[in-house]
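Using this note's numbering, the first residue of the sequence shown is number 1, and each one after it goes up by one.
A virtual CB, placed ideally from N, CA and C, is assigned to each residue, including glycine.
Note that the coordinates shown come from a computational prediction; the quantities given were computed from them, not determined experimentally.
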Amino acid sequence: MHALPPLPAEPKPGLYRHYKGPHYRVICLARHSETQEVVVVYDALYGEHGRWIRPQAMFIEAIEFEGKRVPRFERIGD
Numbered sequence: 001m002h003a004l005p006p007l008p009a010e011p012k013p014g015l016y017r018h019y020k021g022p023h024y025r026v027i028c029l030a031r032h033s034e035t036q037e038v039v040v041v042y043d044a045l046y047g048e049h050g051r052w053i054r055p056q057a058m059f060i061e062a063i064e065f066e067g068k069r070v071p072r073f074e075r076i077g078d
């Protein structure tokens, strides 16, 4: 069995704002059991407060919004 590489440093656990406004709390990073893809485990802090996962690369990417490049999720606190 091969040792897994370390998980990336970002995103760190804490409070984040989605570019559309809602707030989320990042819990941790994890790996997909079949593909080894790094995913972000996070909780919605609105509505039904569901727990979600999203590929780490997608979570930290910048996107085009209203003619500007903005982070999909922006860290706003611990």
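- Rounded to whole angstroms, the gap between the alpha carbons of residue 42 and residue 26 is 4 Å.
- In the structure shown, residue 3 adopts coil according to DSSP, grouped into three states.
- Linking residue 63 to residue 51 through their CA atoms gives a straight-line distance of about 23 Å.
- Taking the CA atoms as reference points, residue 32 sits about 19 Å from residue 61.
- The beta carbon of residue 65 lies closer than 6 Å to those of 19 in the same chain, with the five residues before and after it left out.
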